[in-house]
Structures are given as C-alpha cells and as structure tokens.
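Protein chains in written order, with the UniProt record's numbering: chain A, 1 to 352; chain B, 1 to 352; chain C, 1 to 352; chain D, 1 to 352.
Backbone N, C-alpha and C fix where the C-beta goes; we use that ideal spot for every residue, glycine too.
Taking it in order: structure first as structure tokens, then the write-up.
There are 4 protein chains.
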Amino acid sequence: MDYVYGPGRNHLFVPGPVNIPEQVIRAMNRNNEDYRSPAVPALTKTLLEDVKKIFKTTSGTPFLIPTTGTGAWESALTNTLSPGDRIVSFLIGQFSLLWIDQQQRLNFFNGKKVNGDRHPALFLVDGVSSICALDFRMDEWGIDVALTGSQKALSLPTGIGIVCASAKALKASKTAKSVRVFFDWNDYLKFYKLGTYWPYTPSIQLLYGLRAALDLIFEEGLDDVIARHARLGQATRLAVQAWGLKNCTQKEEWYSDTVTAVVVPPNIDSSEIVRRAWKRYNLSLGLGLNKVAGKVFRIGHLGHLNELQLLGCLAGVEMVLKDVGYPVKLGSGVAAASAYLQNSTPFIPSRI
Amino acid sequence: MDYVYGPGRNHLFVPGPVNIPEQVIRAMNRNNEDYRSPAVPALTKTLLEDVKKIFKTTSGTPFLIPTTGTGAWESALTNTLSPGDRIVSFLIGQFSLLWIDQQQRLNFFNGKKVNGDRHPALFLVDGVSSICALDFRMDEWGIDVALTGSQKALSLPTGIGIVCASAKALKASKTAKSVRVFFDWNDYLKFYKLGTYWPYTPSIQLLYGLRAALDLIFEEGLDDVIARHARLGQATRLAVQAWGLKNCTQKEEWYSDTVTAVVVPPNIDSSEIVRRAWKRYNLSLGLGLNKVAGKVFRIGHLGHLNELQLLGCLAGVEMVLKDVGYPVKLGSGVAAASAYLQNSTPFIPSRI
Amino acid sequence: MDYVYGPGRNHLFVPGPVNIPEQVIRAMNRNNEDYRSPAVPALTKTLLEDVKKIFKTTSGTPFLIPTTGTGAWESALTNTLSPGDRIVSFLIGQFSLLWIDQQQRLNFFNGKKVNGDRHPALFLVDGVSSICALDFRMDEWGIDVALTGSQKALSLPTGIGIVCASAKALKASKTAKSVRVFFDWNDYLKFYKLGTYWPYTPSIQLLYGLRAALDLIFEEGLDDVIARHARLGQATRLAVQAWGLKNCTQKEEWYSDTVTAVVVPPNIDSSEIVRRAWKRYNLSLGLGLNKVAGKVFRIGHLGHLNELQLLGCLAGVEMVLKDVGYPVKLGSGVAAASAYLQNSTPFIPSRI
Amino acid sequence: MDYVYGPGRNHLFVPGPVNIPEQVIRAMNRNNEDYRSPAVPALTKTLLEDVKKIFKTTSGTPFLIPTTGTGAWESALTNTLSPGDRIVSFLIGQFSLLWIDQQQRLNFFNGKKVNGDRHPALFLVDGVSSICALDFRMDEWGIDVALTGSQKALSLPTGIGIVCASAKALKASKTAKSVRVFFDWNDYLKFYKLGTYWPYTPSIQLLYGLRAALDLIFEEGLDDVIARHARLGQATRLAVQAWGLKNCTQKEEWYSDTVTAVVVPPNIDSSEIVRRAWKRYNLSLGLGLNKVAGKVFRIGHLGHLNELQLLGCLAGVEMVLKDVGYPVKLGSGVAAASAYLQNSTPFIPSRI
C-alpha cells in the first residue's frame, strides 16, 4: 500500500494537509466507540469549550462538522443567508475565487462594498489557512462566522470543518431560508441542549485527535505558536530573496506566514520544480493554481513544524532550482534564513 | 484522555460505529500526504474501482465523500432531484424517519406509491446498515443510487459517505436543480476526468484505511462476509428466543442480520440495560430510539466481528438482564446461539 | 504480512504473551529517541520508582533488563551466586523444570531443602506468571530476588525482564563470582549513580509502554487488578467443573488465578483442541507442555482481560470440545461462570 | 507522558537508536499473538531466510536474540569460546573498548595479533554500526560471526540482537565451554529443528517490524541503501570541512559513512553543543564519549534518512556552532553538502 516508497521521511511542505504530530497520530490510533455512551459527550464538551480559544472568542458557538473546508464554507453561508442575499467578497487568491463561486452556486449575489461602519451585514471570515497560525481575534474584531479545517494549522487529518458563530450569526440562522440539513446548525444546537452533542455519528478518532492537538497548542502557547509561524514565514521570505526570486504576494502587508508563493523565471515551469522535488528529494511542494499554474510554486510553512524542518526544505528547494537550470547559489537561502532564525528562535520552554 | 477506563477490551455492539480491524487501524496510522502528488490519485483510482464491488455494480459511478451517512443521503437527493419533486419513501424505522425528514426539509414532497413497473422514477437505497453485510446487488436490482457509510459494515472510522450512482442517476444530476456545492457530483466528475479525483482535500488516513478494509473483505470473500453476518444474526435471534424475549422486528422476512432490537418486559427500562452493560461489563449496546426508547435495546452485530465476540456479548446481555431483574436462565442464550454456531461456522480458510 | 487472516478479533488466551491495552499500544506507537537526552532518564526514574509497587517493595532495587523471562532468571542467578553454589528449587511445572535446568547449566547445584528458619540462603522467586496478577509482597515475605516479564500480567510486548533485588541480594552481587556482563546488575548500578540509568540502549517504545501499563494498573488499583484475576480464575474453574473435566492442578491451594490447565479425556488429543480453536474460532489456547502434551490444554486468564472476554473464550472452548467429540452440554460452562461473575463483578469505578 | 514537548519533529541524529520508518511503526502497531500458533513460525522462517541477505551470507545461520548489541556480543563470544581462550581485538573507539572489556570479564584473554593467513582462529565482527549501511560480505570475507542490533541501520526499535554464525562458528559452539543459557545458540538450533523456532517468547511486534524493515531495504535495494549511506556520509564530511572543523577520524580510509565525530576547538565544550541543539532546535546529536568527552560531538547519519533530513541537521549544527561562539559562516556547510548531493542524489526509482 505504499506505491511510491522513498527512503527517509517525506518533507511535507504543501499548504495543507500538513504534518501531524506524533502525539496526535497516537491519540487517533484507536478502535471506534459508542458515541452515545457518556464518554464521547464528556470529551466533546471539553473540545467545544477549548476550540473557542483558537478563535479567541468567549461568546461564539463552535460547530465541529464532519466535513472539509469547502463544507465549512457552505455551513457558514447557508446558516446565515437566504437565497438572493447579497455578499461582498474579497478576491485575493484561488480559495477566495472558489468561495465566491460557491456563493454564486448557492444563489447568493456578489455585490460591491458598502460604505459605512454601521452596516448590519454579517462578517464571515475564511480562516482555513490562518486560524491557529496567525493572530486572529473573533470577538475583538467583531467577526460573525469564522471557520477553519482540521488539516491546516491544527495539524490533524482532514475531516473536521470547525465553524464558530457569533450570537448575531446564530440569530440569523433562525431565519435564514437557505435549504440545508447536513450543515444545519440548528440540528447541532438541539443536541447541544440534550448534552449528547451529535446529530449524527462523529469520527471518534478525530475527536481524540483534536483533543491532543489542542493540548499541544496550549502547551506551546497559542501566542508562541503564532510567533513560530511568523518566524518561519519570515525565514522563508528571506530565503526567496536570497535566491533572487520574487514573492508572488506583491505587498509586504499581504505576506502570509503560512504559505509563500514563489514566482519562477519565465523560462522555468514551476510544475517541473514541484514534480522534481517529489521525485528526487522526497519534498512535497505546492503547485501554482489556476492563473499562476506553471508560474509559481508554493512552500507551505504552517502547522506542526520547526526551524530545522524548514531549513531542510529550503536546502531542497535550492537543489531543485539548480536542477531545473536556475542559477541559484547553493546555501544562499539557507544562510539567509538561518541568520534570521539563529537570532530569533527561542529555547524550547520545557527543556530549559 | 481516557475518561472512563475499564480493564479489558470494550465490547462494542452498537449498530455503528463498529469494531475496526487492527489491519485497518495500522493502515491509518500515518502522517498526512500531499493529495496532489501522484500517489494519492493512484490509490484513489484503485478505491473507486474496488468499491464498486461491494455495491455489486460494474456500471455505477462511486463517490467517496468526506461526510457521514446523513451527508450521503443529502448527496443522493440533491444530485438527482429538483425542489418540489415527489419522493415515495418507506417508513421502516428511525433512520427512514430521519431520511424522510431530510427529504422534506430539502423541499421534496413525500407522495404515495405509484403503480406500474415502468414508472421512470429513480430508485434510491439507503444501504448504510446493509451494504457489505447483506446481499446487495445494485445492477441486478436496478438501483439508481445506493449509499453507505464507512463506520458501518466496512468497519472504518466515520468520515466517508460512499455513494454510488447509476448512469440514469448521473444523467439526472445534469439537470437536477437542487442547490448544492459540497455534495455536487459534478465537481467530482470534473476531477475524475482530470485524473486528480478530488475537488477538495480528502482524508489521507481514511483512503489508506478504505484500501485495507476492502482488501480484508476481498480476502475473506464478500459472499463469506455476508454469510458471516447471516450466521451472527441468526445466532443472536436464537439467543433472544431462548431468553424468552421478543424481537422488535415483527415479521421474519424483515429480520436484520446487522442489528437485533430486543423488546424488554414493560417493567424494565431498556436504557438501564444499556447503562449497566457499559458500567459493569464494558459492553456497549444500542439504545432504543424515539418511539421505542426505554422499550428495546439493540445488539449490533455487523462489521469486523466473529462468533466468540458475539457469544461474549450474549453472555454479557444475560448477566445484565439478571441484574435488572429479568428472570433469565444464565447460559441459555449462549447455549442456543452456540448450538447453531457450532454447526454452521466454517474453518478459517487461511488456516486450514 | 498477515498470513492467516480471520475475521474479527483474535481471542488470545495463552498464558503469555497476553492482550495489550489499546492505551499501551498507543503509547508505544512512536519513533526512536536519543536515550542520552534528559527525557529518557526522567522517564526511567519514574519507572524504577513505580515498578517497585507491583513487587510491593520499598527497599528493593529494580532492573529493567532488555530480555525475556529466561534472561531475567539468568540475571537473578548469576548476580547472586557463584559457580558451585547450591540451590534448593521447587519443581512444580514446566517452567520450574526449565529454571532448574538453567541452574544446572550455569553450574549451580540443586540440593535438598534445608531445615531451619534462620538459614542465610537467598530467597529467589520466579514471579513471571504471578506478579501484577496475584498477591505478591516482596518486602513482607522477605524475598531477595523477584522477577517478571513484560509480556505477562503487565500486558506489554515481550522485551523487558523486570528483576527486583533486596539489599541482601545486592550485597551478594558484589561478591558473586558467576561470569556475567550483559546481565550484570553492577553495570546498571553504575549508571543509576550517574543518573543516566542505562548501560546500553533500552527500547524507547517499551519504556513508554511500561509507563502506560503502570498507569493503567494504578488507575484500576493493584488490589483490584488482583481481585479481577481471582474472579476470572474462579469463573474459569467453575466452567471446567461444569464441563465435567478436571483441573490439572490437583490441590485447591495450588490453583492458579492466571492459568488453568484442563485435563482432557484419554481418547482426546488436547493438541487437536488447540489447533481447532485457532483454525475455526480464532481462539488461541495454550498447549500442554512436556509430560502433559496432548493431555491438557491451558486457558490463560491473565493481564488486560475482562469478564465478557473470558465468557467468549469459555463459549469457544465448549464448541471446540463438542467439535472433538467430548459430550459437553453447550452453555454449561458459561452458565456456571456467569452465575459467579454476575454476583461478583464490581461496577467500573470510573463509570459509576 | 511527553516530558519535553517541542513543536515540530525531533531531528534524530544520534548514531542509534535511529529514525524508524512509518511503515515499520505501523507494522509494529499490534496486539500480542500466540507465538506457538502456525503464524509466528511461518513469519520467523521468512525472517531467518531474509536476514541472511543483509549479512551477504548464504551459508550462515542467523539468530534473532531478544537483547541489545551488548547481548549480541556476549552471544558471539560465549558460543564460540571457552574460558581462557585468547582473543586478538582491534581497539578503534569506545565500543571496541567496551567489547574488549566484556571479553576480559567473560574470562577470555586479549592477546597480540598472530601472523599467518592460515591461522585457525575464528573471525568475529561487530557490525552493529555498519551492517545494512556499509558494504559487508560475510561469506566472501570469511567471517565466522557477524552481528548487529535492530536499532541501528535496520531502523527498528532496540530489542533484537542479530547474530549470524558460519558453519565453523556453529561447530565451535558444540564444544565451547563458556557458561551460557539465555544466549546459547544450541537452544535456538533445537527449536529450529522442531520448526517452532523460539526457545523462549519473542517480541511479536519486533518480528513484524523486522519483516517490514527488511521489505523496505529490499525494495530500495541493499546496494542502494549502502550508496545512500556513502552519499550522506560524504556530504557530512564536506560540511565539516567547510565549517573549518576536523573529523575526529584521522585517516580517510577510516571514515565512517554512519557517523561523523566532529572535533571542536579547545575553547568550546562539545557537550554544550549537544545540549543546546536539543534545547533550542529539537536536534539530537551524539556526545563525545570517554576520552573525547567534551572534545567532539557526533552526527549519526545512518538508517532511514534522506538528503533533506541531513541538510536540516547540518543547518542546525551551523546555528548551534554560532550559538556557542564558533565563527562559522552560516550556510557554508549546507552549501558544500548540497553541492555534492545535488550532483549525486538519484531519482527515487518508484517515482520516475
């Protein structure tokens, strides 16, 4: 069942799904359980309480939906809106494009930005690639629905769409006329009241995995997790600069600490870089999608990851760049990144 | 993270989620992978081909949707029907009740049975509790959509809704007007054509788990799997009879080889049986749901299970019955079941 | 890699190696680690402290030797004795026979019992099949060396021979002239003093597994673990009696709560029972060894095991007995055992 | 149970125990089994046959002893020699020192090298750090006993001492008078004849793990495994050179492709490098032992490892060197190593 064995560890640097900590893999290594016994609700209760912390909300209501990020999007939209409602969306990349496409197919209209701070619109945020990795403050920023997926910065397998709704969003869900059953928050809320929590069968393994993932995040400290992502993001960008390549993101304020899209010179096909990284160095990089297919490759640097893993990846990218004919100076990106990291990496608190 | 530790193994006899084979737990014990690398499509291709065998279809098109049985239902309905369409449903228990409820909430109407063999209606079958356990022949029986969930007879964790569509159902999906995105078959079909298979991120672990689960089913032989379920179902019913209790299923032709609902005498609360089984004997039984709450308990006997596991369960049920005051003769159910099993259990082929 | 797949769970009732709790399997599911980092000594320190509790000693010194029970024996002997020393041994079964054989091959002499309470002899106890399952009190009983193996009542994989030495035994090890290096306690003691604990590389996985196993034993309570073994042992003996068969152990005071050897009628080959149990019912029983080969089969009932697991086994034994022509009344043993268990099994404390 | 959690993966570069492939971890993730059932001997038979390939012997007899490398040494000596026999040993590092110490404690004498090609002496080789990593040819080189440990290049947990004996060595074992029981080959040979293979209980998990480990080695190809070790060794040495540091191994012909001991300048304590690597970068390096304690640190580069893992380690070493005040040019070692690796690393055959 391992079609493509290569010696040593796969270096997983796609922007999701990401590396799972051994502790989480262990926690999920188990038989099924009766989800109607007292054990699973007791576990679920702790998860619903603790998952709010990664959204930085105390007043939000979380839903752990057995789905992907795409499903989490659909849950956010169909629970708060009625067909024909207007949405103002920001088009800032492939996944916003896909979300806008979903909005249209679900019969919402995309309108223009409305002036005025006091507009009663709901504020929905796709945090799939940011929550648990970047500074995110649902309550403070007045967000009504925020969502993420388990396979991103939480470093779990795919399978839980985590959606968090403000009181205003919950209220909207009582009157929203979009047709929905599987994604309906009200079914969850009914079972929350009963204390059994689940309108249908959850994945026992993912619940224990989520418990372990949250425990690790809290042990490291959410702010330290975010600082680590900032550090790895900056190190990556310094390497890209040292290689003489451009970040696909044009403004510094838009830089992402979870993924870096690197623009390759016109004579190089970025897909060849991704293919070769995997075929020769057991390194998994992300393809450029849609308009930037062939023009960029992506380095995902989110989730359960540390400095030396990233430096191994950067060393690999350098070799692939050389492989495909780009005149990179081997070691240059690693040197730039490690100069920064050697200054900024803290000691591991549990080991001091 | 184990709130309710009890010595020895949990005896899991709810009708889902069911016991996972060690081989499948092992196959899922892994890090994430890039689902856009050549490995995952290669694996997926084998799954899509092989999963058709458990439906006994060669012409159907399967979808492995990251969802639960409830989501698989929704996928079956929204891809084939338009709002206002009429459905004739059979109300034969709690889950048919829930499906009918879903149908109504999705704006389909429930009508009466229509006479005539040649009606052009689509034939949709909820096989969540039967596929891979009971004789099921999608092609031969002219079924248009059949579906199951990974946590049932396939003996996986929850997380894949497996839906199989006939050519007629696929054709219907081209014109069905139900609003859908996450569950839209057409998104899958687009990626099937591309050979990348996934419109959004699948669970890497469940894909490898499904591979292992199918391998085990084919190694045992699907017909032998079905025969095993028939044997365990019959053994359970013989035990119930020996205890002097009634099967909730009133006609023999309706007996299920995957679950037996046992009616308790009026002076006994069946919930107390379920609670006590878990609290004293580490035995997980199913509650009676809805109208039969308190009146029946359920013994699930599906999935990765053998004779002695069932006999251990039956011995446990006897003790619990005695615990709650029912005058059962200890050993009577086990005797009846094992008399049957000692006659009918085949040798394990790989060990002869 | 699964040569002999059979559906459902293997029913493991040999007297070792025994069933491993899922919690322990999980704890061992990990990569290697540097055993010279601070983490492994910190873990080891807790193990050495806590393992003393299963011997009921506060003054003993434990050794966690990467070996089997046979190696633990050799460690006990060679560290305390010099060639030519005399040992008084009790011959009470196959493993005492093997230990006596080892004693002779190691150049110790087997002598007769010496009168007098005050003899300065060391008191060595092979507790491989009893420690953690039966009442055992090293300090109170004045035992000088006690030992067990990880794959027995501790319910781990094979691989740690656990030896505990009294102060008197340690003193003897300073002058014992038996040639030894791998098994030499003094090498361990040297590293104990250094705080690094290991004279050579331990199994990282077994150390974490032992931690989890001890945690489970302490959570259940060692006295409750022992009571559970007494309960399962008695239930097994009642079943044997109900079948009309004899316990190979002739005096009640010698009955073992960890294994029951069942004598079969002269016309039946007990090996055929063991073979058939495995081939037809996925039940693993123990063969009769040496003089009782073909005459007895053994039911191991030690380690991580509960009432319904045992009843499943007993139901299986009944069917096999019938298979081989013994006129057993099906259900009789299960009835006798469950009558006793239904009276004596406590509620699981964590679930009340 | 994780005392010292740090984010991301531990970078394990001690010269053993080494990184375990996920495939092997999976294979070991299992319950115990009856080792007297037909399954375990069938598995063992394949292991004994296949393990000979890593020794490059067809005529040797292998023993899979539940012990460590130290135990494997003891097995090699006590089965072939009698007390008072003379051994000529080569003192070439800490582990040869320990083996010589063991030889003396086991009452063999260390003598001088004897001239003459035709001396009847047995030729014993400690291959713990080389077999499966370096070119090793037992038959061709006329070796009588070769041995390794599971936790080295085989990339398993500690727990199997693998010893392979020539016909001449086996013959010697018939008359060798060293006292031994646990390590006695003759006990194994007796059970080999019976076809049950095990004189005492093996670790079920390690047997399945060894099967998986051998399968991976054969899939990669033993010669390619050796070439990979040569490549990683050379890359490491080039990095050390680029850092301006010295290899502790003075002659090029003595360079090891499994470990590189790096001499630090007199003003730096190499232990501080090892401590800091672990505390700050989650990097596990080996300490200098005995005479070179504080003067060298060791980079283990054996077992399941690839180019980018090594480059991550080298980047980490550079940062630690800078941390402790050594004026390293960051990126210099990585540049030297990757210049070499970019030229020499083959494509992964299964992915071409």
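Exercise for review: Taking only beta-carbon positions, decide if serine 344 of chain A is within less than 8 Å of chain D.
Suggested key: Output row for serine 344 of chain A: interface = no.
**Study point:** Proximity of leucine 311 of chain C and glutamine 23 of chain C at Cβ, strictly below 8 Å
**Key:** In this structure, glutamine 23 of chain C does not lie closer than 8 Å to leucine 311 of chain C by Cβ.
Exercise for review: Could you check which residue in D:Asn10, D:Leu305 and D:Val4 has the C-alpha nearest to that of asparagine 282 of chain D?
Suggested key: With distances taken between CA atoms, asparagine 282 of chain D lies nearest to D:Asn10 out of D:Asn10, D:Leu305 and D:Val4.
Check your understanding: Quick one: Cα of threonine 345 of chain B to Cα of glutamate 219 of chain B, how far?
Key -> Threonine 345 of chain B and glutamate 219 of chain B: Cα-Cα distance of roughly 17 Å.
Check your understanding: Less than 7 Å between the CB of threonine 78 of chain C and some heavy atom of the ligand ZN, yes or no?
Key -> No copy of the ligand ZN occurs in the structure displayed, which carries no ligand at all.
Exercise for review: Taking glutamate 272 of chain D as the reference, give the member of D:Val296, D:Phe182 and D:Val259 with the closest Cα.
Suggested key: Nearest of D:Val296, D:Phe182 and D:Val259 to glutamate 272 of chain D, Cα basis: D:Val296.
Check your understanding: Apart from the five residues just before and just after leucine 43 of chain A, which ones in its own chain have a Cβ nearer than 6 Å to its Cβ?
Key -> Closer than 6 Å at Cβ, skipping near neighbours: Leu207.
Check your understanding: How long is the line joining the alpha carbons of alanine 259 of chain A and arginine 228 of chain A, rounded to whole angstroms?
Key -> For the record, residue 259 of chain A in the displayed sequence is valine; it is not alanine. Near 13 Å, if we compare the C-alpha coordinates of arginine 228 of chain A and valine 259 of chain A.
Exercise for review: Could you tell me whether any Cβ in chain D is nearer than 8 Å to the Cβ of glutamate 22 of chain B?
Suggested key: True, the Cβ-Cβ gap to chain D drops below 8 Å.
Exercise for review: Specify, as a first and last residue, the run of the beta strand (DSSP E) that leucine 289 of chain B falls within.
Suggested key: Boundaries for leucine 289 of chain B: no beta strand (DSSP E) harbours it, and the DSSP string shows neither H nor E there.
**Study point:** Against chain D: residues of the segment 22-39 of chain B by CB proximity under 8 Å
**Key:** Those would be Glu22, Ile25, Arg26, Ala27, Asn29, Arg30, Asn31 and Pro38, in chain order.
Point to revise | Ranges of the beta strand (DSSP E) found wholly within the segment 246-326 of chain C, counting only runs of at least 3 | key: Counting whole runs of 3 or more residues, the segment 246-326 of chain C contains the beta strand (DSSP E) stretches 259-263 and 296-300.
Review point. Looking at the C-beta of leucine 285 of chain B, does it have a partner C-beta in chain C at a distance below 8 Å?
Key: By this cut-off, leucine 285 of chain B is not an interface position.
Review point. Which residues share a DSSP beta bridge with asparagine 110 of chain C?
Key: In the DSSP output, where bridge partners are listed per residue, asparagine 110 of chain C has C:Ile87.
Check your understanding: By the 10 Å Cβ neighbour count, where 16 or more other Cβ atoms means buried, how is aspartate 101 of chain C classified, buried or exposed?
Key -> Per the 10 Å Cβ criterion, exposed.
Exercise for review: Work out the CA separation of tryptophan 99 of chain B and valine 334 of chain B for me, nearest whole Å.
Suggested key: A straight line joining the alpha-carbon of valine 334 of chain B with that of tryptophan 99 of chain B spans about 36 Å.
Check your understanding: From asparagine 110 of chain C to leucine 81 of chain C, what does the alpha carbon distance come to, in whole angstroms?
Key -> Going from the Cα of asparagine 110 of chain C to the Cα of leucine 81 of chain C covers about 13 Å.
Review point. Closer than 8 Å, CB to CB, is tyrosine 281 of chain B near chain A or not?
Key: With 8 Å as the cut-off, tyrosine 281 of chain B does not count as an interface residue toward chain A.
Check your understanding: What does leucine 134 of chain B pair with, by DSSP beta-bridge criteria?
Key -> Bridge partners of leucine 134 of chain B: B:Ile131.
**Study point:** CA-to-CA distance, glycine 303 of chain A to phenylalanine 13 of chain A, given in whole angstroms
**Key:** Between phenylalanine 13 of chain A and glycine 303 of chain A, the C-alpha separation is close to 10 Å.
**Study point:** Cβ-based neighbour list, methionine 1 of chain B, same chain, cut-off 7 Å, excluding 5 preceding and 5 following
**Key:** The predicted model places methionine 1 of chain B with a pLDDT of 45, which falls under 50 and marks its position as unreliable; any figure quoted below should be read in that light. Answer for methionine 1 of chain B: no residue qualifies.
Practice item. Locate the beta strand (DSSP E) running through phenylalanine 63 of chain B, then write down its first and last residues. Key: In the DSSP assignment, phenylalanine 63 of chain B falls within the beta strand (DSSP E) that extends over 61-65.
Practice item. Grab me the residues of serine 96 of chain B's own chain with a C-beta within less than 8 Å of its C-beta, minus the 5 sequence neighbours each way, in chain order. Key: The answer, listed in chain order, is Ser89, Phe90 and Asp126.
Review point. Closer than 8 Å, CB to CB, is glycine 71 of chain B near chain A or not?
Key: For glycine 71 of chain B, the answer is yes, since a Cβ of chain A falls inside 8 Å of its Cβ.
Point to revise | Below-8 Å beta-carbon distance, glycine 195 of chain C vs any chain D residue | key: The beta carbon of glycine 195 of chain C sits no closer than 8 Å to any beta carbon of chain D.
Review point. Between valine 51 of chain B and leucine 156 of chain B, which are expected to be in contact by the criterion C-beta below 8 Å, what is the C-beta distance as a whole number of angstroms?
Key: That belief does not hold up - the Cβ atoms of valine 51 of chain B and leucine 156 of chain B are roughly 12 Å apart, past 8 Å.
Practice item. Output the distance between the C-alpha atoms of leucine 330 of chain D and alanine 337 of chain A, rounded to the nearest integer angstrom. Key: Those two C-alpha atoms are separated by around 9 Å.
Review point. By how many angstroms is the C-alpha of lysine 112 of chain C removed from the C-alpha of arginine 105 of chain C?
Key: Rounded to the nearest angstrom, the two C-alpha atoms are 18 Å apart.
**Study point:** Whether isoleucine 20 of chain D touches asparagine 32 of chain C by CB criterion (8 Å)
**Key:** The Cβ-Cβ distance between isoleucine 20 of chain D and asparagine 32 of chain C falls below 8 Å.
Review point. At least one CB of chain D closer than 8 Å to the CB of arginine 9 of chain A: is that the case?
Key: Closer than 8 Å: yes.
Exercise for review: For leucine 64 of chain A, decide whether its Cβ has a neighbour in chain D, counting only Cβ atoms nearer than 8 Å.
Suggested key: Contact of leucine 64 of chain A with chain D is not assigned, every C-beta pair being separated by 8 Å or more.
Review point. Between which two residues does the alpha helix (DSSP H) carrying histidine 229 of chain A extend?
Key: Taken as a continuous stretch (DSSP letters only), the alpha helix (DSSP H) holding histidine 229 of chain A covers 222-242.
Check your understanding: With leucine 347 of chain C and lysine 279 of chain B assumed to form a contact (beta carbons below 8 Å), what rounded beta-carbon distance in angstroms separates them?
Key -> Going by the sequence as given, residue 347 of chain C is phenylalanine instead of leucine. Indeed they touch by this definition, with Cβ atoms about 5 Å apart.
Check your understanding: Among D:Leu232, D:Val163, D:Val179 and D:Arg351, which residue has its Cα nearest to the Cα of isoleucine 54 of chain D?
Key -> Comparing Cα-Cα distances from isoleucine 54 of chain D to each of D:Leu232, D:Val163, D:Val179 and D:Arg351, the minimum goes to D:Val163.
Practice item. Decide if glutamate 252 of chain C is buried, meaning its Cβ has at least 16 other Cβ atoms within 10 Å, or exposed. Key: Glutamate 252 of chain C comes out exposed.
Exercise for review: Report all residues from its chain with a CB closer than 6 Å to the CB of glutamate 74 of chain A; omit the five preceding and five following residues, and keep chain order.
Suggested key: Counting only Cβ-Cβ distances below 6 Å, and skipping sequence neighbours, we find Phe183.
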